[in-house]
Amino acid sequence: MNTLSPHWSQTSSRLMSACPRAWALTYASRQEIPLPRKDRTARGSQPPRTVDEVMVRAMRAAWQQKIADLYDRKVWTTAYAKRTLSRLVCDMLEEQRLTLPDLLREQKIALAVRQLNQLEHVRALRPLFNGEPRRWAFFDRRDPVSLNGLDLYAAPDLAVFHQNRWTLIRLQFRTPHANPMGQQLEHLLAVLWALQQTGFPEDPGSFRMKVVAWRGSRWHEHHLEVTPQSLHQARSLALHDVQEMNWLTRWAHADPSLSTLPLAAHHRTCERCVHRKGCPAETGLAKAKRIQEHLLRQEPHKAPTKSARTE
Ligand code: SF4
Numbered sequence: 107m108n109t110l111s112p113h114w115s116q117t118s119s120r121l122m123s124a125c126p127r128a129w130a131l132t133y134a135s136r137q138e139i140p141l142p143r144k145d146r147t148a149r150g151s152q153p154p155r156t157v158d159e160v161m162v163r164a165m166r167a168a169w170q171q172k173i174a175d176l177y178d179r180k181v182w183t184t185a186y187a188k189r190t191l192s193r194l195v196c197d198m199l200e201e202q203r204l205t206l207p208d209l210l211r212e213q214k215i216a217l218a219v220r221q222l223n224q225l226e227h228v229r230a231l232r233p234l235f236n237g238e239p240r241r242w243a244f245f246d247r248r249d250p251v252s253l254n255g256l257d258l259y260a261a262p263d264l265a266v267f268h269q270n271r272w273t274l275i276r277l278q279f280r281t282p283h284a285n286p287m288g289q290q291l292e293h294l295l296a297v298l299w300a301l302q303q304t305g306f307p308e309d310p311g312s313f314r315m316k317v318v319a320w321r322g323s324r325w326h327e328h329h330l331e332v333t334p335q336s337l338h339q340a341r342s343l344a345l346h347d348v349q350e351m352n353w354l355t356r357w358a359h360a361d362p363s364l365s366t367l368p369l370a371a372h373h374r375t376c377e378r379c380v381h382r383k384g385c386p387a388e389t390g391l392a393k394a395k396r397i398q399e400h401l402l403r404q405e406p407h408k409a410p411t412k413s414a415r416t417e
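Each residue of the sequence shown is one higher than the one before, starting from 107 at the first, in the numbering used here.
Structure follows, in structure tokens:
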């Protein structure tokens with residue numbers, strides 16, 4: 107992902123909301139901020155920190171391979187899906203030095219195979235797996251388009267042409283509970299992404315938007331209204347986020363120690379954070395926030411001079 111130009115992605119946006127300091131260390135650092143020495147090895151997007159994050163990444167990687175094979179008319183067997191997922195999970199666990207008892211690992215892989223297989227039966231995807239005649243395409247979420255001078259990472263996972271319209275489909279291998287309205291706007295950005303993509307129509311009315319989300323123990327499907335108003339809101343969300351990211355980047359340049367940057371909104375974010383070592387919140391978020399507030403009262407010139415909500 108090229109992060110030298112302004113960009114919006116779901117991962118970046120959610121990290122900024124969860125912890126501006128972690129966002130600055132992950133993304134703004136690539137824009138040549140002189141990082142604190144201890145953080146210089148911590149650049150790059152967040153690697154999976156928990157076993158569940160490993161499982162989600164492995165399922166998404168397996169899905170990418172499976173759908174590419176389906177496009178070439180190669181159908182996976184359950185045994186092949188299991189081998190592929192096992193290899194991906196084992197590699198990722200090893201890479202992240204996460205350990206998991208063999209039995210538990212096998213159980214999780216079996217559940218992941220089931221989850222992946224069940225995707226074949228959801229209404230939106232069944233025609234593709236049944237070989238019904240459809241024009242369709244699949245995408246990688248890491249492919250950006252340029253929108254208002256920013257790189258927008260909001261690709262749908264699939265686009266299926268049926269009854270004179272394209273249905274854009276986004277898959278959620280886990281569904282966060284927080285901010286359902288914000289999530290809907292994030293999904294609608296896929297329409298803006300498609301409008302900038304060669305080969306798609308230029309009329310927003312040519313698209314339907316569908317989300318296929320894993321909740322509980324099954325896939326749920328729902329449509330989102332694609333209207334000029336909802337697209338306007340989605341675009342405003344992305345532009346607003348990018349404004350805040352620009353402001354955070356400038357803030358981080360102005361204070362290379364990053365000591366005045368806001369810390370995480372919730373201590374759970376810290377538990378999985380790759381920047382925890384050396385962070386003021388390493389030994390407790392609440393205490394770190396109290397110390398930061400105290401320091402800013404002592405040295406008010408270090409406080410930001412603009413609201414993070416201004417350009
Ligand atoms: S440890 Fe917590 S406060 Fe520090 S960067 Fe990570 S998420 Fe933010």
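Cβ atoms here follow ideal geometry from the backbone N, Cα and C, with glycine treated the same way.
Remember, it's a predicted structure, so these values are computed and weren't measured experimentally.
Can you give me the Cβ contacts of residue 198 inside the same chain, cut-off strictly under 7 Å, excluding the 5 residues immediately before and after it? 154, 160, 163, 164
Would the stretch 250-257 and the stretch 187-206 be scored as touching if the rule is three or more Cβ pairs under 8 Å? Too few Cβ pairs lie closer than 8 Å, so no.
Pop quiz: residue 134 and residue 375 are said to be a contact at Cβ under 8 Å. What is the actual Cβ separation, rounded to whole angstroms? That belief does not hold up - the Cβ atoms of residue 134 and residue 375 are roughly 17 Å apart, past 8 Å.
Shorter than 8 Å, the distance from the beta carbon of residue 375 to the closest heavy atom of ligand 1, or not? yes
Close Cβ partners of residue 150 (< 6 Å) along its chain, the five nearest in sequence each way excluded: Note that residue 150 scores 43 on pLDDT, short of 50, meaning its location in the model is unreliable; the coordinates nonetheless yield the value given after this. There are no such residues.
Where do the ends of the alpha helix (DSSP H) carrying residue 348 lie? 334-360
With respect to 8 Å, is the separation between the Cβ of residue 155 and the closest non-hydrogen atom of ligand 1 below this value? no
Quick one: give me the first and last residue of the beta strand (DSSP E) that residue 265 is part of. 264-268 is the extent of the beta strand (DSSP E) around residue 265.
So, does the stretch 218-233 touch the stretch 318-330, judging by three or more C-beta pairs under 8 Å? yes
Limits of the alpha helix (DSSP H) - the one that residue 178 falls within: Residue 178 -> no alpha helix (DSSP H), and no H or E assigned at all.
Three-state secondary structure assigned by DSSP to residue 308: coil
N-terminal and C-terminal residue of the beta strand (DSSP E) that residue 331 is part of: Segment: none, residue 331 is in no beta strand (DSSP E) and carries neither H nor E.
Option nearest residue 325 by Cα separation, candidates 132, 168, 226: 226
Going by the C-beta, is residue 396 closer than 8 Å to any heavy atom of ligand 1? no
Taking Cβ positions, are residue 129 and residue 354 nearer each other than 9 Å? Taking C-beta atoms as the reference points, residue 129 and residue 354 count as a pair closer than 9 Å.
Need the endpoints of the alpha helix (DSSP H) that residue 291 sits in, please. 286-301
Any idea if residue 328 is buried or exposed, counting beta-carbon neighbours within 10 angstroms, 16 or more meaning buried? exposed
By Cβ distance, which residues of its chain are closer than 8 Å to residue 386, with the 5 residues on each side in sequence left out? 365, 369, 394, 397, 398
If you run the structure through DSSP and keep just helix, strand and coil, what is residue 257? strand
Leaving out the 5 sequence neighbours to the left and right, which residues in its chain are closer than 6 Å to residue 343 when beta-carbon positions are compared? 291
Just to check my reading of the structure: residue 347 and residue 122 have Cβ atoms closer than 8 Å, yes? What is that Cβ distance to the nearest angstrom? 7 Å
By DSSP, does residue 188 sit in helix, in strand, or in coil? Here residue 188 sits in helix by DSSP.
Helix, strand or coil for residue 145? Go by DSSP, reduced to three states. At residue 145 the pLDDT is 41, less than 50, meaning the model places this residue with poor confidence and gives no usable figure here.
Span separating the alpha-carbon of residue 210 from that of residue 156: 14 Å
Tell me the DSSP secondary structure of residue 202 in three-state form. coil
What does the Cβ neighbour count give for residue 118, buried or exposed, with the cut at 16 atoms within 10 Å? Note on residue 118: 16 or more other CB atoms within 10 angstroms of its CB, so buried under the neighbour-count rule.
When you compare only the Cα positions, how much space is there between residue 249 and residue 285? 25 Å
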